[in-house]
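Please read the structure below before turning to the comments.
Residue numbers (our numbering): 4 to 353.
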């Protein structure tokens, strides 16, 4: 998302520096050539940032992770430079901390209050994330603007015309095929999705393709074997460009237990693929507009998920309506919103 945003800002005439740990960082090759690139093997190294600030003198520095935010704030203190710091939380923090014990949660929330409290502006990627940060910091939601993730790029929209390499999606032979994407872990709820698919029987039950990798791969494979659906479930691994396959799906399913603003769900709608999602905190309800553009089901409810999948596969989708529903997630729109916020900040500090 930061690569998409940086490229979008450059196209709007903003000078952008992009700092990351390595020249081999994921998706870095997609940066616009006009983006200035800086690499440090230890991005959180305040000395590196101190030297950068002395040389480049930026107006605004945006940090998308808490470690990066900590480093930027420390470097600002050391350098005594006047620039605005923008924090960009990308997930529902309270849900992320929910599985920790009460003491760890207390210290984590205190640390977040200390960090985010020093930022000049906090920008959330969904209203659910904004509400969560508002609750943690004890500040009004009105002080936390929401700018959606810049998910929809010209490259994404060109994907339907490119070759699809997955055999189940290249040649479906009338068999409905579901796609899901994400890291193979507890949070993404693929275990519930596989169970839901196993509940759907009949003359032509759907197949499921999951793109992603993670430490739950063997567990999910064992579950599919145990439920007798290994012939209908394919763990396709990580694919850096899965959207040609996604565009050919009959249905996209998001089974997550928590999110911030799920990009894969937005991508599916942008490609005109109908969707079903869990009503997890946060993002799916906002993206699907309270269920208007796709069914919302309770988290961890395989039976409800199976029913929603069956109903969605039986309907004729309004693909143009799905695409239009996520227009505010376009790269150009989001970059324009960020540029406006940055100009306000610069004006306040001049």
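All residues carry an ideal CB built from backbone N, CA and C; glycine is no exception.
Span of the beta strand (DSSP E) around residue i
i	result
residue 180	180-184
residue 240	236-240
residue 22	20-23
residue 90	87-90
residue 187	Where residue 187 is concerned, there is no enclosing beta strand (DSSP E), given that its DSSP letter is neither H nor E.
residue 17	Segment: none, residue 17 is in no beta strand (DSSP E) and carries neither H nor E.
residue 213	210-214
residue 38	Looking at the DSSP string, residue 38 is not in any beta strand (DSSP E), and its letter there is neither H nor E.
Per-residue burial, residue i [other beta carbons within 10 Å of its own, 16 or more giving buried]
i	result
residue 114	exposed
residue 341	buried
residue 46	Unreliable positioning characterises residue 46 in this predicted model, as indicated by a pLDDT of 48, which lies under 50. A coordinate reading is not provided.
residue 244	exposed
residue 253	buried
residue 22	buried
residue 30	exposed
residue 277	buried
residue 363	With the chain represented from 4 up to 353, any question about residue 363 goes unanswered, as that position is not in the structure.
residue 176	exposed
residue 255	buried
residue 106	exposed
Continuous alpha helix (DSSP H) stretch holding residue i: start and end
i	result
residue 228	220-229
residue 165	Run containing residue 165: none; DSSP gives neither H nor E here.
residue 160	157-160
residue 7	5-14
residue 140	130-140
residue 114	105-119
residue 75	69-82
Beta-carbon gap between residue i and residue j smaller than 9 Å
i	j	result
residue 131	residue 302	no
residue 295	residue 167	no
residue 53	residue 82	yes
residue 274	residue 159	yes
residue 280	residue 259	yes
residue 9	residue 50	no
residue 188	residue 217	yes
residue 195	residue 304	yes
residue 96	residue 135	yes
residue 1	residue 286	In the structure as shown, the chain starts at 4 and stops at 353, and residue 1 therefore has no counterpart that could be examined.
residue 140	residue 164	no
residue 338	residue 93	no
CB contact check: residue i to chain B, cutoff 9 Å
i	result
residue 86	Note that chain B does not occur in the displayed structure, where there is just one protein chain.
Tell me, please, whether the stretch 308-318 touches the stretch 195-205 by the rule of three or more beta-carbon pairs shorter than 8 Å. Yes, they touch.
Please go through the stretch 236-303 and give each complete alpha helix (DSSP H) segment of 4 or more residues, from N-terminal end onward. 246-249, 266-273 and 287-290
On the three-pair Cβ rule with 8 Å, is the stretch 108-127 touching the stretch 152-170? no
Three or more C-beta pairs closer than 8 Å, one from the stretch 84-101 and one from the stretch 56-63: is that the case here? Per the Cβ contact rule, the stretch 84-101 is in contact with the stretch 56-63 (3 or more Cβ pairs under 8 Å).
Any contact of the stretch 140-154 with the stretch 213-226, i.e. 3+ C-beta pairs under 8 Å? no
Can at least three beta-carbon pairs, one atom from the stretch 318-332 and one from the stretch 65-76, be found at a separation below 8 Å? The stretch 318-332 makes no contact with the stretch 65-76: fewer than 3 CB pairs, one atom from each, lie closer than 8 Å.
Three Cβ pairs or more, each shorter than 8 Å: is that satisfied between the stretch 332-346 and the stretch 9-19? yes
Threshold first: 4 residues or longer. Then list the alpha helix (DSSP H) segments lying entirely within the stretch 307-352, N to C. 322-328 and 334-352
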